[in-house]
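Visitor:
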Amino acid sequence: MVAAILVVNTTYPAIVRSSNSIVNISGRMEDRIETQISVVYATGELDSSGSWVDTDSDGYFDVTVWLKNVGSSRILGIDQTDVFFGQAGAYTHVPYVDYAGGGYPRWSYTLENGAEWGNTVTLKISIHYNSALTTGTYLVKVITPSGAYAEQYFSF
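Heads up, the sequence shown is in numbering that gives the first Met the number 0, so the first residue is 0 and it goes up one at a time.
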């Protein structure tokens, strides 16, 4: 009888911990499955001849990326999203404007057709540079806090 109680007392906590781990992993996988984004369009702030111009007169040379939430979940913590940008072999993590410490590049966002980044809502990310970029092919990769990501190559 004492041996049975000892076995139960030592194995039961391990079973409960394993069960909780499986539930947590399952919840994270569900979040990832329900969170999906897609790049709609990406462009640089260019004039009609393809030269960099501060067309919106904000003092920056901007790369603009529109992303659609095509998943079934609302995406929270947009400022915690990771943005990577650059030419092949020279990608860099671009910090959100509040975490950039005044440096460049940095990014900011606006929601185009909603108050939160829910299903079918478009997020407009502006990557700000204090000088013009060189012509070439670039990659933008955006990763949500849950790990869902979208990426696209584009040229200007």
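No residue lacks a Cβ here, since even glycine has one placed at the ideal position from N, Cα and C. Keep in mind that this is a model prediction, so the values were computed, not measured.
#1: Is it right to say H127 is buried, meaning 16 or more other beta carbons lie within 10 angstroms of its own, or is it exposed?
#2: What is the DSSP secondary structure of Y137, reduced to helix, strand or coil?
#3: Short check: CB of T134 to CB of F153, under 9 Å?
#4: A89: which of A149, N129, L138 and Y148 sits nearest, CA to CA?
#5: When the Cα atoms are used, what is the spatial distance from D81 to S47?
#6: Which residue wins for smallest C-alpha separation from I36, given the options W51, F60, I77 and F155?
#7: Using only CA atoms, which one of T121, P104 and G100 lies nearest to L110?
#8: Are the CB atoms of I142 and F83 within a distance shorter than 9 Å?
#9: Do you know whose CA, among S72, S56, T42 and D61, lies nearest P144's CA?
#10: Give, in chain order, every unbroken run of the beta strand (DSSP E) that is at least 3 residues long and sits entirely within the stretch 59-93.
#11: Pop quiz: Y108 and I124 are said to be a contact at Cβ under 8 Å. What is the actual Cβ separation, rounded to whole angstroms?
#12: If we call anything under 9 Å between Cβ atoms a contact, is N129 one with N68?
#13: In three-state DSSP terms, what is Y103?
#14: Is L45 near V39, with beta carbons less than 9 Å apart?
#15: I'd like to confirm the pairing. Which residues does DSSP put opposite S48 in its beta bridges?
#16: Going by C-alpha distance, which of A131, T91 and L75 is nearest G146?
#17: Identify which residue in G102, T63 and Q86 has its Cα closest to the Cα of A41.
Guide: Taking the geometry as given:
#1: buried
#2: strand
#3: no
#4: L138
#5: 31 Å
#6: I77
#7: T121
#8: yes
#9: Nearest C-alpha to P144: S72.
#10: Runs of the beta strand (DSSP E) inside the stretch 59-93: 60-68, 81-86 and 91-93.
#11: 5 Å
#12: no
#13: coil
#14: no
#15: Note: S48 sits in no beta bridge, so no partner.
#16: L75
#17: T63
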